[in-house]
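Participant: Sharing a structure with you now.
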Amino acid sequence: MRFQEYFKDGKKPIISFEIFPPKADKGMEPLLEILPDLVALNPDYMTVTYGAMGTTQHKTLEIASLLKNFYKMETACHLTCVGASRTELNDILERISNAAIKNIVALRGDPPIGEKAFVPHQDGYSHAYRLVEHIRRFEKLRGKEPFGIAVAGYPEKHIEAPSLEADIHNLKLKIEAGGDIVITQLFFDNAFYYKFIEKCRDAGITVPIIPGLMPILSVKQIKRITSMCGSSIPHELRLELDASTDDDEKASEIGIRQCIRQAKELLQYEVPGIHFYVLNKYSHIRKIMEALR
Ligand code: FAD
Numbered sequence: 000m001r002f003q004e005y006f007k008d009g010k011k012p013i014i015s016f017e018i019f020p021p022k023a024d025k026g027m028e029p030l031l032e033i034l035p036d037l038v039a040l041n042p043d044y045m046t047v048t049y050g051a052m053g054t055t056q057h058k059t060l061e062i063a064s065l066l067k068n069f070y071k072m073e074t075a076c077h078l079t080c081v082g083a084s085r086t087e088l089n090d091i092l093e094r095i096s097n098a099a100i101k102n103i104v105a106l107r108g109d110p111p112i113g114e115k116a117f118v119p120h121q122d123g124y125s126h127a128y129r130l131v132e133h134i135r136r137f138e139k140l141r142g143k144e145p146f147g148i149a150v151a152g153y154p155e156k157h158i159e160a161p162s163l164e165a166d167i168h169n170l171k172l173k174i175e176a177g178g179d180i181v182i183t184q185l186f187f188d189n190a191f192y193y194k195f196i197e198k199c200r201d202a203g204i205t206v207p208i209i210p211g212l213m214p215i216l217s218v219k220q221i222k223r224i225t226s227m228c229g230s231s232i233p234h235e236l237r238l239e240l241d242a243s244t245d246d247d248e249k250a251s252e253i254g255i256r257q258c259i260r261q262a263k264e265l266l267q268y269e270v271p272g273i274h275f276y277v278l279n280k281y282s283h284i285r286k287i288m289e290a291l292r
């Protein structure tokens with residue numbers, strides 16, 4: 000099923016899990032071990048990220064294909080513009096399509112660590128909306144069934160954007176280019192999501208906007224991630240976390256509680272679904288799913 004088909008009747012919230020391909024080969028085994036457990040939690044679909052600089056292209060497709068064709072779990076490949084020429088994009092799109100994968104999360108990607116500005120491939124794209132246009136052209140020219148396409152949205156604005164309004168204007172370009180749904184960057188204060196929805200609707204964006212939630216696993220991890228993506232940690236949560244800086248178990252308990260609290264409130268608000276960044280771990284997402292059932 001394509002992304003948009005999940006959200007058509009709006010009868011129940013659609014739950015999705017995002018996992019990432021490990022950088023090193025040795026990381027693959029632990030991921031493969033927990034895949035059946037994640038599948039057994041019965042998300043509606045799962046998505047597999049594309050490593051920084053497009054480094055995990057083959058593993059992304061391998062894992063997505065395993066989910067789709069062995070576990071019969073609907074899945075999406077993430078795809079970025081980073082370092083990719085149009086020919087290379089066509090090649091990977093052909094392989095995604097041949098693996099019977101129907102959904103793509105289309106992104107620009109980040110500049111390499113230490114570099115501020117994003118430099119596109121000389122025969123590639125500088126923004127995600129151009130990648131979405133490319134995918135739609137590819138389908139037409141090769142007579143393919145259209146993919147379901149998700150694009151990224153930022154309730155606290157993208158780190159490079161001059162304002163939330165400018166960022167939402169650019170988000171609209173991605174929808175006009177053919178994006179079917181929006182998945183948001185992680186946030187820890189639902190108020191950002193509610194405000195974002197209001198502003199997106201005012202700007203004429205009508206597609207489903209799925210909140211993305213990331214359970215905290217350790218203080219170090221969440222500080223690193225939020226410093227890169229620009230999401231803020233509310234004062235009270237930060238105080239709680241600061242008291243458990245060297246204790247990952249305690250931090251993870253706080254993270255699970257926070258994630259359940261956020262998810263329950265969002266479900267009451269009748270969000271179309273929730274996208275969980277599960278960080279290739281099982282026990283915390285199991286606890287979260289149990290609490291939500
Ligand atoms: P864009 O939509 O191109 O936006 C990037 C910046 O350019 C924004 O500031 C935007 O406002 C601005 N902009 C857009 N269009 C224009 C325009 N026409 N003129 C001027 N400015 C413009 N990264 C990975 O490497 N791999 C992944 O698998 C991955 N998965 C992700 C999944 C989700 C749900 C999210 C939220 C992010 C993910 N990322 C991933 C991170 C993402 O690549 C970065 O956030 C990246 O910096 C921006 O990607 P984008 O697709 O939002 O880019």
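Numbering that gives the first Met the number 0 applies: residue 0 is where the sequence shown begins, and numbers increase by one.
Glycine residues also receive a C-beta, built at the ideal position from the N, C-alpha and C atoms.
All figures in this text were calculated on a predicted structure; none of them were measured in a lab.
1. So which of His-126, Phe-191, Leu-34 and Pro-119 has the shortest CA-CA distance to Glu-17?
2. Within a Cβ cutoff of 6 Å, which residues of the same chain sit near Leu-170, ignoring the five residues on either side of it in sequence?
3. Output the distance between the C-alpha atoms of Ser-64 and Phe-146, rounded to the nearest integer angstrom.
4. Tyr-276 and Gly-211 - do their beta-carbons sit closer together than 8 Å?
5. Which whole-angstrom value is the C-beta distance of Ile-14 and Ile-273, which I expect to be below 8 Å?
6. Need the endpoints of the alpha helix (DSSP H) that Gly-254 sits in, please.
7. Any heavy atom of the ligand FAD closer than 7 Å to the beta-carbon of Leu-163?
8. Is the Cβ-Cβ distance between Leu-216 and His-126 less than 8 Å?
9. If you drop the 5 nearest sequence neighbours on each side, which residues of the same chain put their C-beta closer than 7 Å to that of Leu-60?
10. Any heavy atom of the ligand FAD closer than 7 Å to the Cβ of Thr-244?
11. For the beta strand (DSSP E) containing Ser-15, name the first residue and the last one.
12. Could you check whether the segment 241-252 touches the segment 179-193, counting it as contact only if at least three pairs of C-beta atoms, one from each stretch, sit closer than 8 Å?
13. Suppose you measure from the CA of Gly-229 to the CA of Ile-158; what does that come to, to the nearest Å?
14. Quick one: is the Cβ of Leu-265 within less than 7 Å of any heavy atom of the ligand FAD?
15. Determine the direct distance from the alpha carbon of Thr-74 to that of Asn-68, and round the result to whole angstroms.
16. Grouping DSSP H, G and I as helix and E and B as strand, with all else coil, what is Val-47?
17. Can you give me the start and stop residues for the alpha helix (DSSP H) that Ile-284 sits inside?
18. DSSP state of Gly-152, grouped into three classes?
19. For the ligand FAD, any of its heavy atoms closer than 7 Å to the Cβ of His-57?
20. Using only the alpha-carbon positions, how far apart do Asp-179 and Met-27 sit?
21. Helix, strand or coil: which one does DSSP assign to Leu-40?
22. If you run the structure through DSSP and keep just helix, strand and coil, what is Pro-161?
23. Taking the C-alpha atoms as reference points, what is the distance between Ala-176 and Leu-88?
24. Across which residues does DSSP place Ala-105 in a beta bridge pair?
Facilitator: According to the structure data:
1. What you label residue 17 is simply residue 18 of the sequence shown in a count that begins at 1. Here the closest residue by C-alpha is Leu-34.
2. In the sequence shown, residue 170 corresponds to position 171, counting from 1. Within the same chain, Gly-152 come within 6 Å of Leu-170 by CB-CB distance, once the 5 residues on both sides are set aside.
3. As a first step, residue 64 must be located in the sequence shown, where it is residue number 65. As a first step, residue 146 must be located in the sequence shown, where it is residue number 147. Cα to Cα, Ser-64 sits roughly 15 Å from Phe-146.
4. Position 212 of the sequence shown, counted from the first residue, corresponds to residue 211. Position 277 of the sequence shown, counted from the first residue, corresponds to residue 276. For Gly-211 and Tyr-276, yes; Cβs fall inside 8 Å.
5. Indexing the sequence shown from 1 puts residue 14 at position 15. Indexing the sequence shown from 1 puts residue 273 at position 274. That belief holds up - the Cβ atoms of Ile-14 and Ile-273 are roughly 6 Å apart, short of 8 Å.
6. What you label residue 254 is simply residue 255 of the sequence shown in a count that begins at 1. From DSSP, the alpha helix (DSSP H) with Gly-254 extends over 247-267.
7. Counting from 1 along the sequence shown, the entry for residue 163 is found at position 164. Result no, Cβ not under 7 Å from the ligand FAD.
8. One-based indexing of the sequence shown puts residue 216 at position 217. One-based indexing of the sequence shown puts residue 126 at position 127. No.
9. Here the question's residue 60 lines up with position 61 in the sequence shown. So the list reads Cys-76, Arg-94, Ile-95 and Ala-98, once near-sequence residues are dropped.
10. Locating residue 244 in the sequence shown gives position 245, where the first residue counts as 1. No, since every heavy atom of the ligand FAD falls outside the 7 Å radius drawn around the Cβ of Thr-244.
11. Residue mapping note: residue 15 aligns to position 16 of the sequence shown, counting from 1. Start and end: 13-18.
12. The answer is no - the segment 179-193 does not touch the segment 241-252, with fewer than three Cβ pairs under 8 Å.
13. As a position in the sequence shown, residue 229 is number 230, starting the count at 1. As a position in the sequence shown, residue 158 is number 159, starting the count at 1. Spanning the two alpha carbons is a distance of roughly 6 Å.
14. The residue given as residue 265 occupies position 266 in the sequence shown. Not so, every heavy atom of the ligand FAD lies at least 7 Å from the Cβ.
15. On the sequence shown, residue 68 is found 69 positions in, with the first residue counted as 1. On the sequence shown, residue 74 is found 75 positions in, with the first residue counted as 1. If you take the alpha carbons of Asn-68 and Thr-74, they lie about 10 Å apart.
16. As a first step, residue 47 is located in the sequence shown; it is residue number 48 there, counting from the start. In the structure shown, Val-47 sits in a strand (DSSP, three-state: E or B).
17. On the sequence shown, position 285 is the one that residue 284 refers to. Per DSSP, Ile-284 belongs to the alpha helix (DSSP H) from 282-291.
18. The residue you call residue 152 lines up with position 153 of the sequence shown. Of the three classes helix, strand and coil, the one that applies to Gly-152 here is strand, per DSSP.
19. Translated into positions along the sequence shown, residue 57 becomes position 58. No.
20. Against the sequence shown, residue 179 aligns to sequence position 180. Against the sequence shown, residue 27 aligns to sequence position 28. Approximately 31 Å between the Cα atoms of the pair.
21. Along the sequence shown, one-based indexing puts residue 40 at 41. In the structure shown, Leu-40 sits in coil (DSSP, three-state: anything other than H, G, I, E or B).
22. On the sequence shown, residue 161 is found 162 positions in, with the first residue counted as 1. Coil.
23. Within the sequence shown, numbered from 1, the residue matching residue 176 stands at position 177. Within the sequence shown, numbered from 1, the residue matching residue 88 stands at position 89. Ala-176 and Leu-88 have their C-alpha atoms roughly 17 Å apart.
24. By 1-based counting over the sequence shown, the position of residue 105 is 106. Looking at the DSSP assignment, Ala-105 forms a beta bridge with Leu-78 and Val-150.
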